[in-house]
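4 protein chains.
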Amino acid sequence: MPDLTRRNEQSRRAILDAALGLLGDTGYAKVTIEAIAARAGVGKQTIYRWWPGKGAVILDALVENATAVTLPDSGDLEADLRLVVRATVAEFADPRLSATTRALTAETLADDELAGQVRDRLLRPQLDAVRDRLRAARGAGQIRAGADLDQAVELIFGPIFHRWLLRTGPLTDGYADGLVDHVLAAIRP
Amino acid sequence: MPDLTRRNEQSRRAILDAALGLLGDTGYAKVTIEAIAARAGVGKQTIYRWWPGKGAVILDALVENATAVTLPDSGDLEADLRLVVRATVAEFADPRLSATTRALTAETLADDELAGQVRDRLLRPQLDAVRDRLRAARGAGQIRAGADLDQAVELIFGPIFHRWLLRTGPLTDGYADGLVDHVLAAIRP
Amino acid sequence: MPDLTRRNEQSRRAILDAALGLLGDTGYAKVTIEAIAARAGVGKQTIYRWWPGKGAVILDALVENATAVTLPDSGDLEADLRLVVRATVAEFADPRLSATTRALTAETLADDELAGQVRDRLLRPQLDAVRDRLRAARGAGQIRAGADLDQAVELIFGPIFHRWLLRTGPLTDGYADGLVDHVLAAIRP
Amino acid sequence: MPDLTRRNEQSRRAILDAALGLLGDTGYAKVTIEAIAARAGVGKQTIYRWWPGKGAVILDALVENATAVTLPDSGDLEADLRLVVRATVAEFADPRLSATTRALTAETLADDELAGQVRDRLLRPQLDAVRDRLRAARGAGQIRAGADLDQAVELIFGPIFHRWLLRTGPLTDGYADGLVDHVLAAIRP
DNA sequence: TAATAAGCGAGACGGTACGTCGGGTCTTTGG
DNA sequence: CCAAAGACCCGACGTACCGTCTCGCTTATTA
């Protein structure tokens, strides 16, 4: 196994940048290990040495660029939720960002190990942030005492994901607000 | 464009059966056009003549085998919903059925045209059946008058999809029931 | 076996014309049974019903269009030979005519039966005409009494074929005349 | 363009050997790039990387195995020529060797570039050796001073080729000797 | 003058090979 | 000993033709 201390940081960055660049420029189908290597000016082996496959590279690239998610706690649960949900919906609606998610989801479907990594390293922070905000709201009595917070979180993000994958409707602020309304109705005391 | 009347029904069936068989026996990665053709005892061209790609073949195979979905209307909305949701959750939990869904979802991510077909021909009937049941319930005053039924439907299926894709929790009857509770809470008067 | 009396003359002509047309227009590589059928506005089966393969079609087309060869007998053997040899050389030098010969030769290399047909139906008349002229010359004492006329004929056409296939030199009147000189030197008394 | 220094010599040899082996064992029609690759235990790409097509592979194989041709100069031109011509005729008569020549000739007919290569790399040495011997003979006054040596060479090999392609007669020692007689008669002083 | 048989255009069919692409591994050469 | 470069074996891609096989339709005998 390779010695992490000898890893070339320049190559690492070039590979991650190339992966994201290709995703944005040419679409998911054209993103191959060979293309990443070529765009990064790197040998294929240098990719295989440090990552198990294309999906892992993309995941690393996204995790690297992901900004820490922190939900505001203004005291007004509805307003706070509206903020995250609108942001999330906008992200899925953006073709650029959507492309990377699409790519990663595709890899995920054929690779259980990767699926776990994506869940834990990329999505969990986001989901946990929302759950923590809900927990605070529950403490404040704005939510039913017995409400299952994990399920509440999925009640928010599941429909977005569903609508994005199936294109069953628009991904707009209006949609986001409606979703928040429904979810709140489900968990309020 | 090929003349539909001259199509060989035997080959058509053999191809769809081969596609499903391979998905069940060897897993998604091994399902290639070449393998389907070989297993069906058919020339590759016969597949390309009638389908644009692997995804379309799988879709046709699933649509062909799909049983018409009809929701019971026992008058008890909660009981009726519990039934569908439990069934859906069980389907996603079953490794065999899950494999085909996984395969189709992967193709979907790289092919917008196919995505639309999957939505309209495979999922819509299921989603519409649920929506119709909800409409009846709304007529009976069991649901808020102003409730958005489409969003309600997504509120049900979205979380299941999400949990299935991300493996964030078990897909059990208990989960199904909890989900129904939440959704009902969101849309009841 | 097909009934010759019911053969459609129009189709037969269309096929032969299409074969020659394709050879002239698109080059040998593009001449396929499918292309011939398409250009002739004919079903593939109509070709396979009457000919064993592409080579046989081309052969028939050439035989049909071939003009009867008759060598003049002016009494002057050298002049008479010069005439045929110049004509033959010119034929091989012409890109259009050369293309069909090339195609036929290629088929010949993979099909012994066809090779015999080409020899007997297409070339023999030409070769025999020259041999007959030589026989007359031998009678007139212009050629050695014991000369092998068949070999003499090959001595004329062999080098032309060789030079044409291998492109070892130009195919001009000058070349033709030089060849005649050499051959005559070989067989004169 | 590929880097010649990195070429795998083992693969190269295996490919050439496989090509010749297939030609000998199964006949020309079965010699495909796929078959060569399979028999050589090599990826198809490795063939396409280094050769433009089947013909070029066969040519290389033949050139590699060709023994340097050197004509003896015993002082007796007739005896020396008889030797080469008999050997050449025997080569064309041998079904094994004939098969490769047939294959190469067929490729040649559809590929001008290859035709030039065959001429220059495979046949020229043979032809030049004979021409050199003739030149020596001319120096010794055994041949007409003004004789065109190139044409003389074609006068020898052309008829052999012609007879081989058209199967107009047997390829025996007797034929070879008769041919030498005629050619010598044509160029003697 | 029907009926019946063949040829016909069309093109789907099971195949084989094509030439290309990308996967993941291995090797060479140079910091 | 990492990294670039890229050759290697492999497997699948989508395409082109092969030669065979139905399909209806037309066209000529034969009853």
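Going line by line, the protein sequences match chains A, B, C and D. Under the numbering used here, residues 1 to 189 are what the first sequence spells out, in order. Under the numbering used here, residues 1001 to 1189 are what the second sequence spells out, in order. Under the numbering used here, residues 2001 to 2189 are what the third sequence spells out, in order. Under the numbering used here, residues 3001 to 3189 are what the fourth sequence spells out, in order. C-beta atoms are modelled at their ideal positions from N, C-alpha and C, and glycine is treated no differently. All values reported here derive from a predicted model rather than from experimental measurement.
Exercise for the section: Below 8 angstroms between beta carbons is the criterion; list the residues of the stretch 3154 to 3167 of chain D that meet it against any residue of chain C, in chain order. Expected result: From the stretch 3154 to 3167 of chain D, only E3154, L3155, F3157, G3158, P3159, I3160, F3161, H3162, R3163, L3165, L3166, R3167 have a Cβ closer than 8 angstroms to chain C.
Practice task
Buried or exposed for C:D2120, please, with buried defined as at least 16 other CB atoms from any protein chain shown within 10 angstroms of its CB.
Solution key: In the third sequence, residue 2120 of chain C corresponds to position 120, counting from 1. Exposed, since its Cβ has fewer than 16 Cβ neighbours within 10 Å.
Handout entry: is_contact[B:R1039, chain A] using C-beta, thresh 9 angstroms
Key = The residue given as residue 1039 of chain B occupies position 39 in the second sequence. Put simply, the CB of B:R1039 is far from chain A, with every gap to its CB atoms at 9 angstroms or more.
Problem - Close-in-space but distant-in-sequence residues of the same chain around C:R2131 (CB under 6 angstroms, 5 per side omitted) - result: The residue given as residue 2131 of chain C occupies position 131 in the third sequence. If we look at C:R2131 and ignore the five residues flanking it on each side, its Cβ neighbours are L2149, V2153.
Problem - Closest by C-alpha distance to A:V85, when choosing among A:L179, A:A185, A:P189, A:R188 - result: Here residue 85 of chain A refers to the residue found at position 85 when the first sequence is read from its first residue. Of A:L179, A:A185, A:P189, A:R188, the residue nearest in Cα terms is A:L179.
Problem - Residues that D:V3183 contacts on chain C, provided the C-beta gap is smaller than 9 angstroms - result: Walking along the fourth sequence from the start, residue 3183 of chain D turns up at place 183. Contacts between D:V3183 and chain C, judged by CB atoms closer than 9 angstroms, involve L2155, H2182, A2186 in chain order.
Practice task
Just the chain C side, please: which residues come within less than 9 angstroms of D:T3100 by C-beta, in chain order?
Solution key: Counted from its first residue, the fourth sequence places residue 3100 of chain D at position 100. D:T3100 does not reach chain C, its nearest Cβ partner there being about 12 angstroms away, counting only Cβ pairs nearer than 9 angstroms.
Practice task
Output, in chain order, the set of chain C residues within a Cβ distance shorter than 7 angstroms of D:R3119.
Solution key: Your numbering for residue 3119 of chain D matches position 119 in the fourth sequence. In chain order: L2166, R2167, T2168.
Problem - Any C-beta of chain B under 9 angstroms from that of A:Q142 - result: Sequence index remark: in the first sequence, residue 142 of chain A carries index 142 (1-based). Not one beta carbon of chain B lies nearer than 9 angstroms to the beta carbon of A:Q142.
Exercise for the section: Would you mind stating whether D:L3059 and D:L3004 have Cβ atoms separated by less than 9 angstroms? Expected result: Sequence index remark: in the fourth sequence, residue 3059 of chain D carries index 59 (1-based). Sequence index remark: in the fourth sequence, residue 3004 of chain D carries index 4 (1-based). Between D:L3059 and D:L3004, the gap from beta carbon to beta carbon reaches 9 angstroms or more.
Exercise for the section: Within 10 angstroms of the Cβ of A:K44, are there 16 or more other Cβ atoms? Answer buried if so, exposed if not. Expected result: Counted from its first residue, the first sequence places residue 44 of chain A at position 44. By the neighbour-count rule (16 or more Cβ atoms within 10 Å), A:K44 is not buried but exposed.
Handout entry: Residues of its chain near B:I1033, where Cβ-Cβ distance is below 7 angstroms and the 5 sequence neighbours each way are ignored
Key = One-based indexing of the second sequence puts residue 1033 of chain B at position 33. Excluding five sequence positions before and after B:I1033, the CB atoms of its chain that fall closer than 7 angstroms to its own CB belong to K1044, I1047, K1054, given in chain order.
Handout entry: Three-way DSSP call (helix, strand, coil) for C:W2051 in this model
Key = Counting from 1 along the third sequence, the entry for residue 2051 of chain C is found at position 51. Of the three classes helix, strand and coil, the one that applies to C:W2051 here is coil, per DSSP.
Exercise for the section: Report the residue ranges of all alpha helix (DSSP H) runs contained in full by the stretch 3068 to 3144 of chain D; include only those spanning at least 4 residues, in chain order. Expected result: Counting only runs of 4 or more residues that sit fully inside the stretch 3068 to 3144 of chain D, the alpha helix (DSSP H) segments are 3077 to 3093, 3095 to 3109, 3112 to 3117, 3124 to 3139, in chain order.
Practice task
Show which residues of chain D have a CB atom less than 9 angstroms away from the CB atom of C:L2109.
Solution key: Position 109 of the third sequence holds residue 2109 of chain C. Under the 9 angstroms cutoff, chain D gives Y3028, R3102, A3103, T3105, A3106, L3109, L3165.
Practice task
Using a Cβ cut-off of 7 angstroms, pull out every chain C residue sitting near D:D3148, in sequence order please.
Solution key: One-based indexing of the fourth sequence puts residue 3148 of chain D at position 148. Under the 7 angstroms cutoff, chain C gives G2178.
Exercise for the section: Could you tell me if D:R3133 is buried or exposed, where buried requires 16 or more neighbouring beta carbons within 10 angstroms of its beta carbon? Expected result: Here residue 3133 of chain D refers to the residue found at position 133 when the fourth sequence is read from its first residue. For D:R3133, the number of other beta carbons within 10 angstroms of its own is at least 16, and it is reported as buried.
Exercise for the section: Could you tell me whether any Cβ in chain A is nearer than 9 angstroms to the Cβ of B:A1068? Expected result: The residue you call residue 1068 of chain B lines up with position 68 of the second sequence. By this cut-off, B:A1068 is not an interface position.
Problem - Counted within 10 angstroms of its Cβ, other Cβ atoms place C:G2158 as buried (16 or more) or exposed - result: Taking the third sequence and counting its residues from 1, one reaches residue 2158 of chain C at position 158. C:G2158 should be labelled buried.
Exercise for the section: Report yes if the C-beta distance between C:D2017 and C:A2035 is below 9 angstroms; otherwise report no. Expected result: Translated into the one-based positions of the third sequence, residue 2017 of chain C becomes position 17. Translated into the one-based positions of the third sequence, residue 2035 of chain C becomes position 35. Not a contact, by the Cβ cut-off of 9 angstroms.
Practice task
Pull up the distance between the alpha-carbon of D:G3027 and that of D:L3020, whole angstroms please.
Solution key: In the fourth sequence, residue 3027 of chain D corresponds to position 27, counting from 1. In the fourth sequence, residue 3020 of chain D corresponds to position 20, counting from 1. Taking the straight line joining both Cα atoms gives about 10 angstroms.
Practice task
Report yes or no: is there a C-beta of chain C within less than 9 angstroms of the C-beta of D:A3145?
Solution key: Counting from 1 along the fourth sequence, the entry for residue 3145 of chain D is found at position 145. With a threshold of 9 angstroms between beta carbons, D:A3145 makes no contact with chain C.
Practice task
Taking 9 angstroms as the cut-off, decide whether the C-beta atoms of D:A3056 and C:R2102 are in contact.
Solution key: Along the fourth sequence, read from residue 1 onward, the residue named residue 3056 of chain D stands at position 56. Along the third sequence, read from residue 1 onward, the residue named residue 2102 of chain C stands at position 102. Not closer than 9 angstroms, so no.
Exercise for the section: Spell out whether any CB of chain B is found under 9 angstroms from the CB atom of A:Q151. Expected result: The sequence position of residue 151 of chain A within the first sequence is 151, counting from 1. Yes, its Cβ sits closer than 9 angstroms to a Cβ of chain B.
Problem - Cβ-Cβ distance between A:A186 and B:H1182 below 9 angstroms - result: Counting from one through the first sequence, the residue named residue 186 of chain A turns up at place 186. Counting from one through the second sequence, the residue named residue 1182 of chain B turns up at place 182. Yes, the Cβ-Cβ distance between A:A186 and B:H1182 is below 9 angstroms.
Exercise for the section: Grab me the residues of C:R2143's own chain with a C-beta within less than 6 angstroms of its C-beta, minus the 5 sequence neighbours each way, in chain order. Expected result: Here the question's residue 2143 of chain C lines up with position 143 in the third sequence. One detail in the question is off: residue 2143 of chain C reads as Ile in this sequence, not Arg. Answer for C:I2143: A2137, I2187, listed in chain order.
Exercise for the section: Locate the alpha helix (DSSP H) running through A:V183, then write down its first and last residues. Expected result: As a working mapping, residue 183 of chain A is identified with position 183 in the first sequence. Counting along the chain, the alpha helix (DSSP H) containing A:V183 begins and ends at 173 to 187.
Problem - C-beta neighbour in chain A for B:D1112, strict 9 angstroms - result: In the second sequence, residue 1112 of chain B corresponds to position 112, counting from 1. Judged by the 9 angstroms Cβ criterion, B:D1112 is in contact with chain A.
Problem - A:R168 versus D:R3006 - alpha carbon distance - result: The sequence position of residue 168 of chain A within the first sequence is 168, counting from 1. The sequence position of residue 3006 of chain D within the fourth sequence is 6, counting from 1. Looking at the sequence shown, residue 168 of chain A is not Arg but Thr. Approximately 54 angstroms, taken between the alpha carbons.
Practice task
Anything in chain D within Cβ reach of C:A2115, meaning under 9 angstroms, just list it in chain order.
Solution key: Sequence index remark: in the third sequence, residue 2115 of chain C carries index 115 (1-based). Within chain D, L3165, L3166, R3167 have C-beta atoms less than 9 angstroms from the C-beta of C:A2115, given in sequence order.
Handout entry: Contact with chain A by B:L1123, beta-carbon distance below 9 angstroms
Key = For this step, residue 1123 of chain B is matched to residue 123 along the second sequence. Using a Cβ-Cβ cut-off of 9 angstroms, B:L1123 counts as an interface residue toward chain A, since at least one Cβ of chain A sits closer than that to its own.
Handout entry: Rounded straight-line distance, which links the Cα of B:A1099 to that of B:G1024
Key = Within the second sequence, numbered from 1, the residue matching residue 1024 of chain B stands at position 24. Within the second sequence, numbered from 1, the residue matching residue 1099 of chain B stands at position 99. Using only the alpha carbons, I get a separation of about 7 angstroms.
Practice task
Return the chain-ordered list of same chain residues with a C-beta closer than 7 angstroms to the C-beta of D:V3042, the five sequence neighbours on each side being excluded.
Solution key: As a working mapping, residue 3042 of chain D is identified with position 42 in the fourth sequence. Same-chain partners within the cutoff: S3011, A3014, I3015.
Exercise for the section: Would you kindly check if the distance between the Cβ of A:R82 and the Cβ of A:A176 is under 9 angstroms? Expected result: Within the first sequence, numbered from 1, the residue matching residue 176 of chain A stands at position 176. Within the first sequence, numbered from 1, the residue matching residue 82 of chain A stands at position 82. In this structure, A:A176 lies near A:R82, with their beta-carbon atoms less than 9 angstroms apart.
Practice task
Compare the C-beta of A:L127 with all C-beta atoms of chain B and state if any pair is closer than 9 angstroms.
Solution key: Translated into the one-based positions of the first sequence, residue 127 of chain A becomes position 127. Contacts with chain B at 9 angstroms (Cβ-Cβ) include A:L127.
Handout entry: Reduced DSSP secondary structure (H/G/I, E/B, other) of C:D2148
Key = Here residue 2148 of chain C corresponds to residue number 148 of the third sequence, with the count starting at 1. Of the three classes helix, strand and coil, the one that applies to C:D2148 here is coil, per DSSP.
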